[in-house]
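Numbering (the numbering used here), first residue to last: 22 to 147.
Beta carbons: idealized from backbone N, C-alpha and C, even for Gly.
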């Protein structure tokens, strides 16, 4: 069952907090849920709505590989919101493909290490 999850951002968010919340957005999208992004504006921040728009654009750009915007950005006097939904190529299928490819890389690396160790163990005949 698809759920709508909400993540709230502020215009003056620190880099660490932004990355932490973005990780949650990506996880929700990969699980197949819709995510409502809310940029909350308070007090003096209302004089600079472009800051909120920059954060919104940044979030949308950072999840563009797995999600798309569903509808227009709705702007109120205290917040801007947008709903993002998983793209058809993203979600659980992409996650399983990533896991499969990473498992294959691990196998390839272990095979290469095994071959390297074997060649080191063999004595040289000079």
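Extent of the continuous beta strand (DSSP E) to which residue i belongs
i	result
residue 107	100-107
residue 56	55-61
residue 27	25-30
Where the alpha helix (DSSP H) through residue i begins and ends
i	result
residue 79	70-83
residue 38	36-51
For residue j and residue i, the rounded distance between their alpha carbons
i	j	result
residue 73	residue 54	24 Å
residue 112	residue 29	Residue placement at residue 112 cannot be trusted, given a pLDDT of 48 that sits under 50; what the coordinates show is reported in the next sentence. One C-alpha to the other measures close to 22 Å.
residue 61	residue 108	26 Å
residue 99	residue 77	14 Å
residue 46	residue 25	11 Å
residue 101	residue 95	6 Å
residue 87	residue 56	12 Å
residue 93	residue 105	10 Å
residue 67	residue 42	22 Å
residue 36	residue 44	12 Å
Those residues which DSSP pairs with residue i across a bridge
i	result
residue 91	104
With 16 other Cβ atoms within 10 Å as the buried cut-off, status of residue i
i	result
residue 58	buried
residue 23	exposed
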